[in-house]
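Residue numbers (my numbering): 1249 to 1367.
Quick notes on the structure that follows.
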Ligand SMILES: [Zn+2]
């Protein structure tokens, strides 16, 4: 009982896994299939599949991360695809966005070369 209330409050593990799956598929689609507002149909299908598998996960909120899960519930083809997505997006997810934003800000503060040249 306590767990289900807690999970509702913080979004739960399944919700977190879904978020990160979507983020990774999104990164992958952007990088491999061109930038679009939405996922391309192939990536959308993979996302729907991954989402459905997560929602039906027999471990429920007790689930280990999919990487560590003893039950590989993905079909061979989908597993191959999601692996490719993770291989592509995994390292990129580690790139912390706040640092990128900070670098961008510092960039804006640096005087432009043209200003230095102008008297
Ligand atoms: Zn795509």
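Ideal Cβ placement from N, Cα and C applies to all residues, glycine included.
If you're wondering where the values come from, they're calculated on a predicted model, not measured in any experiment.
Span of the alpha helix (DSSP H), counted from its first residue to its last, around residue i
i, result
"residue 1290", "1289-1303"
"residue 1309", "Looking at the DSSP string, residue 1309 is not in any alpha helix (DSSP H), and its letter there is neither H nor E."
"residue 1260", "1260-1281"
Buried versus exposed, by CB contacts within 10 Å (16 or more), residue i
i, result
"residue 1224", "There is no way to answer for residue 1224, as the model of the chain reaches only from 1249 to 1367."
"residue 1289", "exposed"
Contact check, residue i vs residue j, beta carbons under 7 Å
i, j, result
"residue 1309", "residue 1264", "no"
"residue 1302", "residue 1266", "yes"
"residue 1337", "residue 1275", "yes"
"residue 1291", "residue 1277", "yes"
Is the stretch 1266-1277 touching the stretch 1286-1305 in the sense that three or more CB pairs, one from each, lie closer than 8 Å? yes
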